[in-house]
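Written out below as structure tokens is the structure these notes cover.
Protein chains: 2
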Amino acid sequence: MTQTPVSPTRPSFTILGTGALGGFYGSRLLVGGADVRFIARSDLAVIRRDGLRIDSPLGDRVHCPVAVYADRDPIPRSDVVVIALKTTENHRLAELLRPLVHQGTILLNLQNGLTMEEELAAAFPMARILGGVCFLCSNKVGPGHIVHLDYGAVGLAPFDERDRGLLEPLIAAFAAGGIKAEALPSLQLARWRKLAWNIPFNGLSVLLGADTDELIGDPVARRLAERLIGEVAEAAAACGCPFAEGFVTTLLDQTEKMTPYAPSMHLDYLAKRALEIEYMYRRPLREAARKGRELPAIATIADQLTYLDRRNRATD
Amino acid sequence: MTQTPVSPTRPSFTILGTGALGGFYGSRLLVGGADVRFIARSDLAVIRRDGLRIDSPLGDRVHCPVAVYADRDPIPRSDVVVIALKTTENHRLAELLRPLVHQGTILLNLQNGLTMEEELAAAFPMARILGGVCFLCSNKVGPGHIVHLDYGAVGLAPFDERDRGLLEPLIAAFAAGGIKAEALPSLQLARWRKLAWNIPFNGLSVLLGADTDELIGDPVARRLAERLIGEVAEAAAACGCPFAEGFVTTLLDQTEKMTPYAPSMHLDYLAKRALEIEYMYRRPLREAARKGRELPAIATIADQLTYLDRRNRATD
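Those protein sequences? They're chains Y and G, same order as listed. Going by UniProt numbering, the residue at position 287 of the first sequence is 287; the numbering climbs one at a time, nothing skipped. Going by UniProt numbering, the residue at position 277 of the second sequence is 277; the numbering climbs one at a time, nothing skipped.
Below is the structure:
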């Protein structure tokens, strides 16, 4: 039973969430010549007036005018809807997507965490679901103003292997905008590999008030990160996605060589924004539990984060 | 092979460490009529000049003059040396004790943690080792000035069961000073039971910046405390000291009914003093590991505390 993928050679895009991630990738797709619409909320008026500004080593850009919409506006149908909201907004994601998804619409999820694509597939059976993992260091510094600092590569994979044929035109669209995109052999493995970085370094950056270079450079914090990564590896293997030998060592080596970096959760915490605990910690804990695995170190930091997140926003 | 315990009916005491704990209990022993010498360091000059002041619901006292010594002074021999230093000073404990310990000297250790008595027994085979667990809420508010807030009961047990006969005159000396002291059936069990409170509530008070009432009143922090207590219970059982059924529930209920309380580690952290991580966390982890038990949640918070403690004192 095969399913013929709809594979437009020059896909059009709607970017849901015009922040540090969505604004950056949308800009690169525009630069590459794609038709791109943006959905914005708090920055809508500024972007309408002044355009979308991206400062980047790839070249500074101001897209003005730019096709930007409120989420309740009627929006032209696109081949691809890119989900670039934080997972803390996922309670309203289905509602936001409903007017954007038609038979065969490609949903490209760029969020961090686990099980987002399962939920999209359940809510939108008429859509084709892809996932992407982004290696991007980018911050929103003001309304409609994004500063891209470093990196930018994207790894893409289909949620359902029968949709693998959809990747090629997307990879081409990213490449046209100067973004190195590649097809990954397994979305689930890619998600778990990303968690192997996100779970220790996002959480510990908040709990210890430290950036990646301070954590990786301290023997005790590094050992703690390794303990957490070990639990991620165990859970990934239990869920059918074993890490290759040497993966953890490489991950730590790469982190050691990174430019000092404040993980997004640390920035969110300092700005008193909601933390992405549910999809980054609770879902991996739940999936591991379904395979009979407890992850006590991860559960410990998840509970600490939940407590601090609640208090952090309560005292705002 | 029996050993006849030396059991003076009116023992004399040297209190090593005239802080919130040693100052308080030494004062109560004085009030009860015992011969008590104090060893002080930073507060020595003030205590010599103004005496030792204890504000307490048991009655305010100023002991002036009082027998107070520097640790290098020649000190009259006492029957009992009470160890009331923080365990963060244990690297110099043997040196401090050497001039105080003679054949048959009773060493009464009132520190929190695990394995202190094993170390004393190894270093001082000519001594009789007792351990005490104190339920005391007391703070040093200035040099030689201690405020006793609440509680004060002491549980006593010998390190070597053949020394159980030593307990009675000590219990009488405490009782004469208004302190409820009782003989406990097992020192190791008492130490593990105390850790079941200290490990969660001391550590989390630092990591979450919260006092006991805030922790126990929050469902997520309480669940986290329960996870840590569960690991203590597991380790205690593996080490031959299983908790009685219902112990954990009672512990949490009692904590819930306590007056809001800043655990000593939280106060130490805020004052940028060294934290008692080694004996309160590392030794239990080590003892459990010797029995083949990993305690991943406790190891996780111990590493966090080590990192924060080091940074806290480095930036002083």
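From the three backbone atoms N, C-alpha and C, an ideal C-beta is built for every residue, glycine too.
- Per DSSP, the continuous alpha helix (DSSP H) segment holding R49(Y) begins and ends at L44 to D50.
- Not a single unbroken stretch of the beta strand (DSSP E) spanning 3 or more residues falls wholly within the region 236-290 of chain G.
- Listed in chain order, the alpha helix (DSSP H) runs fully inside the UniProt domain "Ketopantoate reductase N-terminal" (14-160) of chain Y are 22-31, 44-50, 93-97 and 116-123, counting runs of at least 4 residues.
- For L224(Y), the residues of chain G that pass the 8 angstroms Cβ criterion are T300, D303, Q304 and Y307, in the order they occur in the chain.
- Interface flag for A221(Y) against chain G is set, since a Cβ pair is found closer than 8 angstroms.
- Proximity of chain G to D218(Y) at the Cβ level (cut-off 7 angstroms) is accounted for by Y307, in chain order.
- When CB distances to chain G are screened at a threshold of 8 angstroms, the residues of the region 268-301 of chain Y falling below it are P296, A297, A299, T300 and I301, in chain order.
- G246(G) and Y307(Y) have their C-alpha atoms roughly 27 angstroms apart.
- Not one beta carbon of chain G lies nearer than 8 angstroms to the beta carbon of L252(Y).
- Around the beta-carbon of G59(G), fewer than 16 other beta-carbon atoms lie within 10 Å, marking it exposed.
- Cα atoms of V62(G) and V36(G): separation of roughly 14 angstroms, rounded to the nearest angstrom.
- Against chain Y, a Cβ distance below 7 angstroms from L208(G) picks out Q304, Y307 and L308.
- Residues of the region 223-246 of chain G whose Cβ lies closer than 9 angstroms to any Cβ of chain Y, in chain order: R223, L224, R227, L228 and E231.
- Here P169(G) really is in contact with T9(G); their C-beta atoms are around 5 angstroms apart, less than 8 angstroms.
- Residue state for A183(G) is assigned as strand, using DSSP reduced to three classes.
- The Cβ atoms of G51(Y) and T87(Y) do not sit closer than 8 angstroms to each other.
- In the three-state DSSP reduction, P296(G) falls in the helix class (H, G or I).
- Under the three-state reduction of DSSP, A176(Y) is assigned to helix.
- DSSP places D163(G) outside any alpha helix (DSSP H), giving it a letter other than H or E.
- Looking at D213(G), A314(G) and S264(G), the one whose alpha-carbon comes closest to that of Q254(G) is D213(G).
- As the crow flies, the alpha-carbon of G203(G) is around 40 angstroms from that of A153(Y).
- Taken through DSSP and simplified to helix, strand or coil, A210(Y) comes out as coil.
- In terms of Cβ geometry, V206(Y) and D303(G) do not form a close pair [threshold 8 angstroms].
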